[in-house]
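Visitor:
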Amino acid sequence: MKVAVVGGGISGVSVAYLLKRHTKYDILLIEKDRIGGKAYSEKRGGYLIETGPNGFLSNKAEIKKLIAESGFDSEIIESKDESNRKFIFSNGKLWEIPRNPAKMLLSGFLSPQAKLKLLKEPFVKPVFDDETVESFVKRRLGHEFLDKIIGPMVCGVFAGDPKIMSMESNFPKIKEIERKYGSLIKGLISMMREKKAKADSISGGFSSKLLSFKNGVGSFVEHLSKDVETVKDEVLSVESVGGRYRLLGKTNSYVADIVVFSLPSYSLKRVVKNFDSEFADYLNEIPYAPMAVLALGFESSKLPEVKNSFGYLFDLNEIEDTIGVLFDSSIFEHRAKQGKTLIRIMIGGQLSKESPFKSNLVAMGMKELNRSANIHYPFEFAYKKVHHKAIPVYTLGHKRVKEAVLDFEKKHKGIFITGNAFFGVSLNDCVKAAYNTLEKMKSGL
Ligand SMILES: Cc1cc2nc3c(=O)[nH]c(=O)nc-3n(C[C@H](O)[C@H](O)[C@H](O)COP(=O)(O)OP(=O)(O)OC[C@H]3O[C@@H](n4cnc5c(N)ncnc54)[C@H](O)[C@@H]3O)c2cc1C
């Protein structure tokens, strides 16, 4: 049996690796550009730059399982202790976020009204239907929580606009707590009592460590792909031929019994539009947030003390063009030489006032570092990576899109769809979806 996996980001490479390891199928991975997709690490000028993701949380089971079964554990590195310090830029200054939420209430970061609103949270009536992240947070916790805490995290991680993001599709566990316990506070207390809190991703986010690899996230994807036969080609369309599938590429065509698409939704749409136009229409519903990663290298001695931290996010009212500043060399070892600091500035996202592609990114990044952290010394190194369509944003219609994917798979036996456009955007979600694809294939669905 011949299997073609189309798209060589972490989603596709994980599927290809798992199929190679757990089945006798003949696997071909087709990637139009370079293996890794968004998960790519670049070594330049003594720095190790992540052009996309820089890590995953230690409580994420599936990616850890894949690392273990592919024999890559010895490459794992833990984030440094100094990266436990995190900041939010709000009202013109950087506020350190205490790890203990109770301490946050004692600080002056939130107004008395916001604290009062929090105390009233257990009495807010639950809403069972899906709603936007903005509406959920405002309803339960108030607008200040949205602007100063949840919004910055949502923008920093998903690059999306809380006004259009679906609560159900992005934070199913939090929505589930509201449904089950009627309140987030009551739910968290009950879960802590039940000693489940550690296993849950919400509190797990506080207690677990960020992990990566000595040579960057890209090194893991490369490692997974090394024994998989790969061709460089862009798949343009798919058609069925006598119970098999033919993929038409820019340079070649490929016939396979099984096809796994692990493509961004806009690419998948182009490939399937003449094959199943109804399904292709659903793929229009996924917007993508644009983002540029600007990496700047500095002499450490010339930077303010805040460099010894994870970095900072922005109060929604403070977002101009940048949604996050990460001190990568304070988060992980091996990112810069002794005495140097690597800063990654995330420019763009759906809330950015200016398109990150029209402007001079370096000037934009320096202006932001100057405004928010008083960093104005000349950098010694600069690198940028622009992602015109960086991260898919799951809106209120996302549930329908996922249903359409499952219907498509049922209708076209032997075609499977995975990737961050549908089943979660984190590295772990991508790997989890790969395990699911393997299971579906093994059970003949
Ligand atoms: C800046 C940034 C920072 C991030 N930070 C984190 C983080 O710290 N932690 C985390 O967990 N997640 C993070 N993410 C999210 C995570 O990196 C992505 O969701 C994940 O890497 C996506 O993997 P994928 O394989 O689904 O898609 P992609 O990486 O987009 O891979 C799709 C692949 O398909 C190929 N392709 C497209 N069209 C065709 C075609 N027609 N034929 C053949 N090949 C094609 C592309 O070239 C690409 O290689 C971040 C994302 C970005 C952009």
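Numbers given in the numbering used here equal positions in the sequence shown, counted from 1, plus 1193. All C-beta atoms in this analysis are idealised placements derived from N, C-alpha and C, irrespective of residue type, glycine included. Computed from a predicted structure; not experimentally measured.
1) From G1375 to P1319, what does the alpha carbon distance come to, in whole angstroms?
2) Can you tell me the Cα-Cα spacing of L1212 and S1455, whole angstroms?
3) Throw me the rounded Cβ distance for the I1270 and N1621 pair, which I believe falls under 8 Å.
4) Here's a check: name, in chain order, each residue in its chain whose Cβ is nearer than 8 Å to the Cβ of L1544, leaving out the five neighbours to either side.
5) For E1632, is the classification buried or exposed, using 16 other Cβ atoms within 10 angstroms of its Cβ as the cut-off for buried?
6) List in chain order: all unbroken alpha helix (DSSP H) runs of 4+ residues lying wholly within the region 1205-1293.
7) Is there contact here, the region 1613-1620 with the region 1576-1594, by at least three beta-carbon pairs under 8 Å?
8) Would you check if there are 3 or more beta carbon pairs closer than 8 Å linking the region 1520-1529 to the region 1462-1475?
9) Identify which residue in L1440, K1368 and G1301 has its Cα closest to the Cα of V1326.
10) Using only the alpha-carbon positions, how far apart do V1555 and R1437 sit?
11) Just to confirm my understanding: we take P1405, look at its own chain, exclude 5 residues before and 5 after, and list those with CB closer than 7 Å. What are they?
12) Helix, strand or coil for L1506 per DSSP?
13) Just to check, is the beta-carbon of C1348 closer than 7 Å to a non-hydrogen atom of ligand 1?
14) May I ask you to verify whether the region 1574-1582 touches the region 1493-1508, counting CB pairs closer than 8 Å and requiring at least 3?
15) What did DSSP end up calling P1315 once you bin it into helix, strand or coil?
16) Please report how far the alpha carbon of I1608 lies from the alpha carbon of N1477, in whole angstroms.
17) Kindly indicate which three-state DSSP category V1421 falls into: helix, strand or coil?
18) With DSSP run on the structure shown, which of helix, strand or coil describes M1484?
19) Do you know offhand how far L1221's Cα is from K1606's?
20) Within the same chain, show all residues whose beta-carbon is closer than 8 Å to that of K1237, passing over the 5 residues directly before and after it, in chain order.
21) From which residue to which residue does the beta strand (DSSP E) around H1527 run?
22) If you draw a straight line from the alpha carbon of K1331 to that of F1282, how long is it in whole angstroms?
23) Within 10 Å of its beta-carbon, does G1565 have 16 or more other beta-carbons around it, so buried, or fewer, so exposed?
24) Below 7 Å CB to CB, which residues in the same chain sit around K1595 once its five sequence neighbours on both sides are set aside?
25) Just verifying my parser: in three-state terms, what is the DSSP assignment at F1406?
26) Using the Cβ count rule (16 or more neighbours within 10 Å means buried), how would you classify S1446?
27) State buried or exposed for E1492, treating a residue as buried only when at least 16 other CB atoms are found within 10 Å of its CB.
28) Output needed for E1361: all residues of its chain with C-beta closer than 6 Å, excluding positions within five of it in sequence on either side, in chain order.
29) Measuring only the C-alpha atoms, how far is R1593 from N1501?
30) Can you tell me which residues form a DSSP beta bridge with F1609?
31) Return the residue from the list G1409, V1618 and A1627 that minimises the CA-CA distance to N1363.
32) If you follow the beta strand (DSSP E) that E1596 is part of, which residue opens it and which one closes it?
33) Compare the C-alpha of R1214 against each of K1419, N1567, L1489 and S1433 and name the closest.
34) If you measure from the CB of I1220, is any heavy atom of ligand 1 nearer than 7 Å?
35) Given that a residue counts as buried once 16 or more other Cβ atoms are within 10 Å of its Cβ, and exposed if not, what is S1494?
Guide: Well, looking at it:
1) Locating residue 1375 in the sequence shown gives position 182, where the first residue counts as 1. Locating residue 1319 in the sequence shown gives position 126, where the first residue counts as 1. Distance between the alpha carbons of G1375 and P1319: 5 Å.
2) As a position in the sequence shown, residue 1212 is number 19, starting the count at 1. As a position in the sequence shown, residue 1455 is number 262, starting the count at 1. Approximately 14 Å between the Cα atoms of the pair.
3) Within the sequence shown, residue 1270 is the residue found at index 77, counting from 1. Within the sequence shown, residue 1621 is the residue found at index 428, counting from 1. Rounded, the Cβ-Cβ distance is 17 Å, inconsistent with contact.
4) Sequence index remark: in the sequence shown, residue 1544 carries index 351 (1-based). Cβ-Cβ distances below 8 Å link L1544 to C1348, D1354, L1509, I1512 and I1516 in the same chain, with the five nearest sequence neighbours on each side left out; the list follows chain order.
5) To locate residue 1632, count along the sequence shown from 1; it is residue 439. It is exposed - the Cβ of E1632 has fewer than 16 other Cβ atoms within 10 Å.
6) 1254-1262
7) yes
8) no
9) For the purposes of this step, residue 1326 is identified with residue 133 of the sequence shown, where counting begins at 1. Taking only the C-alpha atoms, the option nearest V1326 is K1368.
10) Taking the sequence shown and counting its residues from 1, one reaches residue 1555 at position 362. Taking the sequence shown and counting its residues from 1, one reaches residue 1437 at position 244. Straight-line Cα distance between these residues: approximately 49 Å.
11) The residue you call residue 1405 lines up with position 212 of the sequence shown. Just to set this straight, residue 1405 is Ser in the shown sequence, not Pro. Taken in chain order, the residues that qualify are N1247, G1248, I1270 and F1525.
12) Taking the first residue of the sequence shown as 1, we reach residue 1506 at position 313. Three-state DSSP puts L1506 in a strand.
13) Translated into the one-based positions of the sequence shown, residue 1348 becomes position 155. It does not: the Cβ of C1348 is nowhere closer than 7 Å to a heavy atom of ligand 1.
14) no
15) Mapped onto the sequence shown, residue 1315 falls at position 122. In this structure, P1315 counts as helix in the three-state DSSP scheme.
16) Within the sequence shown, residue 1608 is the residue found at index 415, counting from 1. Within the sequence shown, residue 1477 is the residue found at index 284, counting from 1. Whole-angstrom Cα-Cα distance: 20 Å.
17) Indexing the sequence shown from 1 puts residue 1421 at position 228. For V1421, the secondary structure class from DSSP, reduced to helix, strand or coil, is coil.
18) Numbered from 1 along the sequence shown, position 291 holds the residue referred to as residue 1484. Three-state result, M1484: strand.
19) The residue you call residue 1221 lines up with position 28 of the sequence shown. The residue you call residue 1606 lines up with position 413 of the sequence shown. Cα to Cα, L1221 sits roughly 19 Å from K1606.
20) The sequence position of residue 1237 within the sequence shown is 44, counting from 1. Here residue 1237 is Arg; the residue named in the question, Lys, does not match the sequence. Residues F1574 and Y1576 of the same chain have their beta carbon placed closer than 8 Å to that of R1237, with the five preceding and five following residues left out of the count.
21) The residue you call residue 1527 lines up with position 334 of the sequence shown. Segment: none, H1527 is in no beta strand (DSSP E) and carries neither H nor E.
22) Indexing the sequence shown from 1 puts residue 1331 at position 138. Indexing the sequence shown from 1 puts residue 1282 at position 89. Between K1331 and F1282, the C-alpha separation is close to 20 Å.
23) Translated into the one-based positions of the sequence shown, residue 1565 becomes position 372. It should be noted that the sequence gives Ser, not Gly, for residue 1565. By the 10 Å Cβ count, S1565 comes out buried.
24) The sequence position of residue 1595 within the sequence shown is 402, counting from 1. Non-local C-beta neighbours of K1595 in its own chain, meaning closer than 7 Å and more than five positions away in sequence, comprise F1615, ordered along the chain.
25) Residue mapping note: residue 1406 aligns to position 213 of the sequence shown, counting from 1. Reduced to three states, the DSSP call for F1406 is strand.
26) Working through the sequence shown from its first residue, we reach residue 1446 at position 253. S1446 is exposed by the Cβ-count criterion.
27) Working through the sequence shown from its first residue, we reach residue 1492 at position 299. By the 10 Å Cβ count, E1492 comes out exposed.
28) Position 168 of the sequence shown, counted from the start, is the residue given in the question as residue 1361. So the list reads D1323 and K1368, once near-sequence residues are dropped.
29) One-based indexing of the sequence shown puts residue 1593 at position 400. One-based indexing of the sequence shown puts residue 1501 at position 308. Cα-Cα distance, rounded: 44 Å.
30) Within the sequence shown, numbered from 1, the residue matching residue 1609 stands at position 416. Note: F1609 sits in a beta bridge opposite V1453.
31) Counting from 1 along the sequence shown, the entry for residue 1363 is found at position 170. Checking every option, the nearest Cα to that of N1363 belongs to V1618.
32) What you label residue 1596 is simply residue 403 of the sequence shown in a count that begins at 1. Per DSSP, E1596 belongs to no beta strand (DSSP E); it is in the alpha helix (DSSP H), H1591 to K1604.
33) Position 21 of the sequence shown, counted from the first residue, corresponds to residue 1214. Minimum Cα distance to R1214 is reached at K1419.
34) Mapped onto the sequence shown, residue 1220 falls at position 27. Checking every heavy atom of ligand 1 against the Cβ of I1220, none is found closer than 7 Å.
35) Working through the sequence shown from its first residue, we reach residue 1494 at position 301. By the neighbour-count rule (16 or more Cβ atoms within 10 Å), S1494 is not buried but exposed.
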